[in-house]
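Its first residue numbered 105, the sequence shown is counted upward by one per residue in my numbering.
Every residue gets a Cβ at the ideal spot worked out from N, C-alpha and C, and that includes glycine.
Following: one structure in structure tokens, then a few remarks.
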Amino acid sequence: MTRYVQPVPTPQDPYTGDRLLRSWLRRQLGADGHDAAQGRLTDLAADVTGPLRAAHADAEAHPPTLVRYDPWGARVDRVDTSAGWQAQRAAAARHAVVALPYLESARGTWGAATRVVQHALLHLYGPESATFSCPVAMADGAAALLNLPEVDAGVRDAWLPRLTSTDPDTAIVSGQWMTESQGGSDLSRSTTTGRPAADGSWRLTGDKWFCSAADAPMAVALARPEGAGRGSRVLAPFLVPRYAADSPLAGATAAADSPAPGVTVHRLKDKLGTWALPTAEIGLRDAYALPLGDPAVPGLVRAMTLVVVTRVHNASAAAGGMRRGLAYARAYADARTAAGGRLADNPLHRATLGTLAVDAAAAFALAGHAFALLGRVEVGADPDAAAELRVVAPLAKLATGRLAVSSASEYVECFGGAGYVEDTGVPRLLRDAQVLPIWEGTTNVLALDVLRAVTREDAGAPLLRRLAAAVDLARPLSPALADTLAAVTGELTTALADVTADPRAADVVAGARGLALRLAAALACALLVEHAAWGDEQAEVAARLWARRRLRHEDISGDAHQHLDLLC
105 MTRYVQPVPT PQDPYTGDRL LRSWLRRQLG ADGHDAAQGR LTDLAADVTG
155 PLRAAHADAE AHPPTLVRYD PWGARVDRVD TSAGWQAQRA AAARHAVVAL
205 PYLESARGTW GAATRVVQHA LLHLYGPESA TFSCPVAMAD GAAALLNLPE
255 VDAGVRDAWL PRLTSTDPDT AIVSGQWMTE SQGGSDLSRS TTTGRPAADG
305 SWRLTGDKWF CSAADAPMAV ALARPEGAGR GSRVLAPFLV PRYAADSPLA
355 GATAAADSPA PGVTVHRLKD KLGTWALPTA EIGLRDAYAL PLGDPAVPGL
405 VRAMTLVVVT RVHNASAAAG GMRRGLAYAR AYADARTAAG GRLADNPLHR
455 ATLGTLAVDA AAAFALAGHA FALLGRVEVG ADPDAAAELR VVAPLAKLAT
505 GRLAVSSASE YVECFGGAGY VEDTGVPRLL RDAQVLPIWE GTTNVLALDV
555 LRAVTREDAG APLLRRLAAA VDLARPLSPA LADTLAAVTG ELTTALADVT
605 ADPRAADVVA GARGLALRLA AALACALLVE HAAWGDEQAE VAARLWARRR
655 LRHEDISGDA HQHLDLLC
């Protein structure tokens, strides 16, 4: 008897096969702007389906290792990474995944919408980057921080061109050294200290607990300047060179790639997922550092420039991973037969995939909107966009992170036993998704940040205006959808008024997670309605089904089954 072997499913091209992505770009960029972006997107999609998919597998199979000493006993703290990881690094530079928003040529073509194009690049690149999307996010955040006018021009000129280079031989990425073991997200408990040196540089001493991209040539670290008070507001961001080549404290005989004096890699983390990403615990002992802004001025608000960028990248990683997982699950359903027919023809399995497609569409809309707002803030200094981004960044991050985990679990199940076998690559979808609700703030941490945004900065107002406008847009599409959005908008208006009245009330704080998730669900619906009103049928179906499922808590399996071919 011939042994049966299941054909390996091949998903559609990630760009041409994603109708929502392409129509979103047409609306956001216009026909000419989309045409101008297509070359970049098709080139990256071709790389993703070919050499980068292979590089992704190689990086997963050969995780980083820490070499503490050279053969003669000298401390080297070298992080060795695979050829696949290096291929991902080169591709990120070559395709301008970090650099695009900082290129004058790109801004000249797309203006504020350059961030929209970058989001599309990330949507294609991230899911099979072996999580090199994490260093990409931190490099982008560091570049945004360096772009602030209060940062010394000499520091900016020395480092920003390296972060935004499109030449793989010169481009670098950045780490992000913020949390410490005793405090975690509670930055007020940070004990890393900084003291000024005579030459204008600083020396940092402390221990950082979760430092991803530990092989990066630089990192942005938070430290408490000498003499500063307690709490988190006074913490200041510093640029710390990782290698001797960039540290004036290194001796003339030090190898360029040896660690900078005072920087020690204690260990690499053995993590649930993101295996290819070198994440470390790092010690600083009088390490050379450059202030990013005046350390005498409370600096946490400056550091938040970086955090906002990395949060929206997190949302993009979640949405992109959901879409790619859906593509693989749909391809498998098309190829796999069970109970006398293809899985793709089975009403129950079609309903499962259709429901997952609705969640993927909502996540994409949240991430895409966050990037669009970010572009308007950076290029046009749009105050309305800044106010809305203040609440959209945490909402998009927390909602998409949770959706990514639940969807990844379903994708694993869609493959049956093969989904539980490591070398199929499917388990990675779940392992890597689980970091998304954790990095850059857990759901609870971000929900409390939403409360702060609403009470201190009136960030709920632009959100409610968007929801109210979506009610009017939805009325010609579906009266039931409009009625649902109107009811939820009223409910949220009351809830936000209660928050503003007494933000420290126990029931307000206890309900922060539920409120944030409800706000995010309503916002996702409004964004899909906006796209549907522009003329996208897929967005219209997704908006109706999302509203029924997430706002009215109804079963949508029947319609999800019927509309699967439109949804994915």
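{"Check": "Comparing alpha-carbon positions, which option in S661, A643 and T546 lies nearest P451?", "Outcome": "S661"}
{"Check": "Would you be able to state if there are at least three C-beta pairs under 8 Å between the segment 484-497 and the segment 644-652?", "Outcome": "no"}
{"Check": "Quick one: grab the DSSP three-state call for V367.", "Outcome": "strand"}
{"Check": "Less than 8 Å between the beta carbons of H160 and E208, yes or no?", "Outcome": "no"}
{"Check": "Could you compute how far the alpha carbon of V277 sits from the alpha carbon of M322?", "Outcome": "7 Å"}
{"Check": "Hey, is the segment 428-440 in contact with the segment 245-263, meaning 3+ C-beta pairs nearer than 8 Å?", "Outcome": "no"}
{"Check": "Suppose contacts are defined by Cβ-Cβ distances below 8 Å. Is L540 in contact with A422 by that definition?", "Outcome": "yes"}
{"Check": "Going by C-alpha to C-alpha distance, which of R617, H453, D147 and A590 sits closest to D553?", "Outcome": "R617"}
{"Check": "With H, G and I counted as helix, E and B as strand and the rest as coil, what does DSSP make of W281?", "Outcome": "strand"}
{"Check": "For C315, which beta-bridge partners are listed by DSSP?", "Outcome": "A384"}
{"Check": "May I ask you to report which of helix, strand or coil DSSP gives V171?", "Outcome": "strand"}
{"Check": "Tell me whether R328 sits in a helix, a strand or coil according to DSSP, three-state version.", "Outcome": "strand"}
{"Check": "Determine the direct distance from the alpha carbon of A241 to that of N418, and round the result to whole angstroms.", "Outcome": "8 Å"}
{"Check": "Within 8 Å (strictly less), CB to CB, does A590 reach chain D?", "Outcome": "Structure shown: chain D not included; a single protein chain is present."}
{"Check": "Less than 8 Å between the beta carbons of L671 and G424, yes or no?", "Outcome": "no"}
{"Check": "Residues in its own chain within less than 6 Å of H370 by CB, not counting five upstream and five downstream?", "Outcome": "E385 and G387"}
{"Check": "In terms of alpha-carbon separation, which member of T547, C629, T546 and G615 lies closest to A573?", "Outcome": "C629"}
{"Check": "Classify Q116: buried if its beta carbon has 16 or more other beta carbons within 10 angstroms, exposed otherwise.", "Outcome": "exposed"}
{"Check": "What are the partner residues of W306, as DSSP defines its beta bridges?", "Outcome": "P300 and A393"}
{"Check": "Would A476 and Q142 qualify as a contact pair, given that the criterion is a beta-carbon distance under 8 Å?", "Outcome": "no"}
{"Check": "Tell me the DSSP bridge mates of A442?", "Outcome": "G445"}
{"Check": "Check whether the segment 282-302 and the segment 262-274 are in contact - that is, three or more C-beta pairs closer than 8 Å.", "Outcome": "no"}
{"Check": "Note down, in chain order, each residue of its chain lying with its Cβ closer than 7 Å to the Cβ of D602, except the 5 sequence neighbours on either side.", "Outcome": "V612"}
{"Check": "Using three-state DSSP, classify D602 as helix, strand or coil.", "Outcome": "helix"}
{"Check": "Is the CB-CB distance between Q286 and S316 below 8 Å?", "Outcome": "no"}
{"Check": "Heavy atom of the ligand ZN less than 7 Å from the Cβ of S278, yes or no?", "Outcome": "Of the ligands one can find in the structure shown there are none, so the ligand ZN has no counterpart to examine."}
{"Check": "Return yes when the Cβ of E330 is within less than 8 Å of the Cβ of D311, no when it is not.", "Outcome": "no"}
{"Check": "V558: buried (16+ other C-beta within 10 angstroms of its C-beta) or exposed?", "Outcome": "buried"}
{"Check": "Return yes when the Cβ of R506 is within less than 8 Å of the Cβ of T456, no when it is not.", "Outcome": "no"}
{"Check": "When the Cα of D136 is compared with those of V112, R157, Y119 and A217, which residue comes out closest?", "Outcome": "A217"}
{"Check": "Ordered along the chain, which non-local residues of its own chain (more than five positions away) have a Cβ less than 7 Å from that of R535?", "Outcome": "L376 and G377"}
{"Check": "Taking the DSSP output, what are the residues bridged to A323?", "Outcome": "G279 and V344"}
{"Check": "Less than 8 Å between C-beta atoms, sequence neighbours within five positions excluded: which residues of the same chain meet that for P111?", "Outcome": "A439"}
{"Check": "Going along the chain, which residues of its own chain have a beta-carbon closer than 6 Å to the beta-carbon of A243, five neighbours each way excluded?", "Outcome": "V202, L267, V277 and S278"}
{"Check": "Give me, in chain order, the residues of the same chain whose beta-carbon lies closer than 6 Å to that of R219; leave out the 5 immediate sequence neighbours on both sides.", "Outcome": "P205, F475, L478 and G479"}
{"Check": "Cα separation between E482 and D184?", "Outcome": "36 Å"}
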